[in-house]
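Note that this note's numbering has the sequence shown beginning at 8, numbered continuously upward. Report on the structure given below.
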Amino acid sequence: MRYYLRFISIVLITTLVISSCSSDGIKSNIELCDSEASMIKQKDSFPPDLNICTEITSNKHYQEISDPLPTDLNKVLITDISQKQDFEYKIYELLTTSNAAWYFHNENASTSQIQEAANIFEYEIYPTLVSVFGEPWISKIRPNDKLRIIHAPLGRGIGGYFKNTDIYPKQIYPTSNEITAIYIHSDLAVGSDKYLSVLTHELQHAMHWNKDRTEETWFNEGLSEYSVNSLGYNPFNINSFNPEISLIHWSLSNQSKHYFSARLFFTYLTDQYLNSDSLLSGLVAESSDGIQAINDYFSKEGLDKSFEELFSEWSIHNLLNGYDETHSYSNLEGNTFDFAKQNSIGFDEVIERNINQYSSHYVDIALPKEEGNMSIEFDGAPKINTWFSPINSLQNTCLWGNRGDSINSTLTTRVDLSGTQSPKLNFHSAFNIEDSWDYLHVLVSEDNGDTWTALSSPEMTPSPYSMSHLNQGYTGIQGWSDLNVSLDQYKSKTILVRLSYVTDASTTGPGICISDAVIKDINKEDTIQWDNNGFTVINNRVKQDFIVNVILMGNEHKIIPFKLDDNNNGVLSLPIPEYGSWYVVSVSAMNKISSEKAPYSVKVKRSQHR
8 MRYYLRFISI VLITTLVISS CSSDGIKSNI ELCDSEASMI KQKDSFPPDL
58 NICTEITSNK HYQEISDPLP TDLNKVLITD ISQKQDFEYK IYELLTTSNA
108 AWYFHNENAS TSQIQEAANI FEYEIYPTLV SVFGEPWISK IRPNDKLRII
158 HAPLGRGIGG YFKNTDIYPK QIYPTSNEIT AIYIHSDLAV GSDKYLSVLT
208 HELQHAMHWN KDRTEETWFN EGLSEYSVNS LGYNPFNINS FNPEISLIHW
258 SLSNQSKHYF SARLFFTYLT DQYLNSDSLL SGLVAESSDG IQAINDYFSK
308 EGLDKSFEEL FSEWSIHNLL NGYDETHSYS NLEGNTFDFA KQNSIGFDEV
358 IERNINQYSS HYVDIALPKE EGNMSIEFDG APKINTWFSP INSLQNTCLW
408 GNRGDSINST LTTRVDLSGT QSPKLNFHSA FNIEDSWDYL HVLVSEDNGD
458 TWTALSSPEM TPSPYSMSHL NQGYTGIQGW SDLNVSLDQY KSKTILVRLS
508 YVTDASTTGP GICISDAVIK DINKEDTIQW DNNGFTVINN RVKQDFIVNV
558 ILMGNEHKII PFKLDDNNNG VLSLPIPEYG SWYVVSVSAM NKISSEKAPY
608 SVKVKRSQHR
């Protein structure tokens, strides 16, 4: 789960479930699962979306559970992400407004400051956001239910969070407070600019979740930051933006730079393309997620742009920021730091670098002013390693669980254990997943998938934020190793065995890869044939893509596409620019499988004079 610099707000959505069999004929007893947002996700998304309501309605563990009865709220469990612990705090309701109930751990908090902040919330923040993102989920069967805004100690480095598992009954998520709430650190001065930015940020998460419950981190955080920016809180200077940080793949710590990138990207998107509330609202409601959501929505709206094209345009826009009205940002201060001058080359010089996926590098071409032509040579790696390389399996391949927020990739097989003496599941695996929040669970069903039981092994760790029937799983970082799970308790039975990789809604690592799975017994070993739903076969090297452009800078600017061959090589001949002008090479890397850096080189040569 993400945590970093103090008082940068986060979204905490600890969603860990396992998909089960189809539940079309079963109706949930939980109001939340009968709402529209739980029904609109695409059934054929890849990797599969994690759908809590599908698990609830299809798993007999939960079919007798109903909505909690309304009670007075006087204490809550607070998740301290820095310690990965929950603490119980007493809270006091000090104010009720049209759209929220305001709770404080300190019953002596200043009511005048609270009222002032509440007025800003009700008359500025809430109506501005609701016009784009819609309302947060509020129960229609509980009398006078409202969004709760809870002020309490949240732990080191956390400004605020929204926790969607709070909305489900405790029988499903034991740490649930059974409310729709956003949490704000009580150390923040109520009504301050920082306070209002955190309040806005987390409100967007609560609203967004009610429209799309499985959105990608970079997308969701980008829209929260865009919302803060549109209301003028926590001003952002573009000079803080680093184009060499990945927009899509967020590190598991030190994430502030990613927030800057996401804010800037969605500011660009709204400035250039989605310049009305209805257009932006449509993107938020798009049933697919992340990159695919942008591709799908732009296609529906007749906007002939792919995400890759948008990313390339954005990269050039950032380089040219401030040159004219076309290349500038609304509501943002400062100019983009000149990264090109950090990487400058001249004739017969070469620069060799490694670039993050979904980021941009700029190379400045510094030449003497003379007549003639020049050539720029680009050499990019056609393939790169993944985090799992080298894969030492029988086929030199593995089944990769994919990467994404709120996904649920599964491998399932039917196993006949009749006549076995000491059966166990054995498989080869490596994983780099978010510790304590994302897991690989090993599950068994004795009733053809109606219920699933999570198994344990010495290498597993507790999964306290999972659904209540899941208490163990593999998490964190582990290089290639053999993993074994005993099936002794199922001797003589025919069972379903499932490997289920599930991620929460916030931040993921490179994922998990699995190979050479067998059922072992004394003097016997049977290779498993998996029913695959969400895993992808990969080998040691995967295809790499680059988008390269040359931009004429200075007296005028011109964008010149750099065509690459199938091996990511290319040569572009150009006239040496006149005095007052120069070239910059813009390089962007994109890889749908690997998040490893991609190597490339740029070289400049003289050509024959015209």
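Here a beta-carbon is modelled for each residue, glycine too, at the ideal position from N, C-alpha and C.
Same chain only: Cβ atoms within 8 Å of residue i, ignoring 5 sequence neighbours per side
i: G486; result: A437
i: E100; result: L80, A108, W109, Y110
i: E377; result: I583
i: D200; result: Y240, N241
Own chain partners of residue i with C-beta closer than 7 Å, once the 5 adjacent residues on each side are dropped
i: G141; result: M214, N217, K218
i: N399; result: W487
i: E129; result: T104, S105, N106
i: P469; result: N478, Q479
i: I179; result: I63, Y69, I72, M474, S475
i: H212; result: V18, F169, N227, S231
i: D528; result: T427, Q428, S429, P430
i: K570; result: G577
i: L494; result: L424, P430, K431, L432
i: A196; result: Y202
Alpha carbon of residue i to alpha carbon of residue j, nearest angstrom
i: N227; j: S193; result: 24 Å
i: F553; j: G309; result: 26 Å
i: N439; j: K264; result: 21 Å
i: I15; j: G166; result: Unreliable positioning characterises I15 in this predicted model, as indicated by a pLDDT of 44, which lies under 50. The coordinate reading is nonetheless provided below. Cα-Cα distance, rounded: 5 Å.
i: N598; j: Y369; result: 19 Å
i: N695; j: L84; result: There is simply no residue 695 to check, as the chain begins at 8 and stops at 617 in what is shown.
i: F243; j: R410; result: 30 Å
i: S443; j: Q428; result: 34 Å
i: H334; j: Y240; result: 23 Å
i: I252; j: A596; result: 11 Å
i: I372; j: F346; result: 13 Å
i: S237; j: D533; result: 59 Å
i: Q496; j: T277; result: 57 Å
i: D284; j: A292; result: 12 Å
i: Q49; j: L271; result: No answer about Q49 holds up, because its pLDDT of 48 lies below 50 and its placement is not dependable.
i: D511; j: W225; result: 14 Å
i: L424; j: E453; result: 12 Å
i: A624; j: V451; result: The structure shown does not extend to residue 624, since the chain is modelled only from 8 through 617, so no value can be given for it.
i: L136; j: H208; result: 10 Å
i: Y266; j: K498; result: 51 Å
i: E222; j: F273; result: 15 Å
i: S588; j: H564; result: 8 Å
i: E316; j: S295; result: 19 Å
i: N6; j: Y304; result: One cannot answer for residue 6 here, as it falls past the ends of the chain, which runs 8 to 617.
i: N171; j: A124; result: 24 Å
i: L406; j: L327; result: 42 Å
CA nearest to the CA of residue i, picked from the options
i: S322; options: A269, K307, G289; result: A269
i: M381; options: F94, Y586, L581; result: L581
i: V205; options: H324, C40, I156, V549; result: I156
i: S337; options: I484, Y275, H208; result: Y275
i: Y96; options: Y472, L154, G162; result: G162
i: P526; options: V578, V594, T420; result: Rather than Pro, the amino acid found at residue 526 in this sequence is Ile. Of V578, V594, T420, the residue nearest in Cα terms is T420.
i: L287; options: N151, N562, S138, E38; result: S138
Rounded Cβ spacing between residue i and residue j (contact assumed at less than 8 Å)
i: Q551; j: P389; result: 6 Å
i: K67; j: T458; result: 5 Å
i: G541; j: P55; result: 5 Å
i: S608; j: I358; result: 7 Å
i: N556; j: S319; result: 7 Å
i: T501; j: D445; result: Actually they are not in contact, since the Cβ atoms of T501 and D445 sit about 31 Å apart, beyond 8 Å.
i: Y365; j: H256; result: 7 Å
i: G516; j: E441; result: 6 Å
i: I98; j: H112; result: 6 Å
i: D386; j: K612; result: That pair is no contact at about 13 Å.
Nonlocal neighbours in the same chain, by C-beta distance under 6 Å from residue i, ignoring five residues either side
i: N455; result: none
i: I567; result: V557
i: A188; result: R155, I157, D173
i: I391; result: Q551, S601, E603, A605
i: Y508; result: G408, S416, L447, I519
i: I191; result: H158, G167, V205
i: N249; result: K264
Contact with chain D by residue i, beta-carbon distance below 9 Å
i: L84; result: In the displayed structure, chain D is absent; only one protein chain is listed.
Contact test: residue i Cβ vs the ligand HEM heavy atom, cutoff 8 Å
i: Y365; result: Annotation note on the ligand HEM: not contained in the displayed structure, which lists no ligands.
Check your understanding: Unbroken alpha helix (DSSP H) runs of length 4 or more, entirely within the stretch 213-269: which are they?
Key -> 224-237
Practice item. Enumerate, from N- to C-terminal direction, the unbroken beta strand (DSSP E) stretches of 3 or more residues contained entirely within the stretch 496-539. Key: 501-509, 518-528, 531-534
**Study point:** Segments assigned beta strand (DSSP E), at least 3 residues, entirely inside the stretch 37-86
**Key:** Counting only runs of 3 or more, we get nothing.
Check your understanding: Enumerated in chain order, which unbroken segments of the beta strand (DSSP E) with a length of 3 residues or greater are wholly contained in the stretch 372-401?
Key -> 380-387, 390-392
**Study point:** Length-filtered (4 minimum) alpha helix (DSSP H) runs lying within the stretch 270-312
**Key:** Along the length of the stretch 270-312, whole alpha helix (DSSP H) runs at least 4 residues long occupy 284-292, 297-307, reported in chain order.
Practice item. Jot down the residue ranges of each uninterrupted beta strand (DSSP E) in the stretch 177-211, minimum 3 residues, whole runs only, in chain order. Key: 188-192
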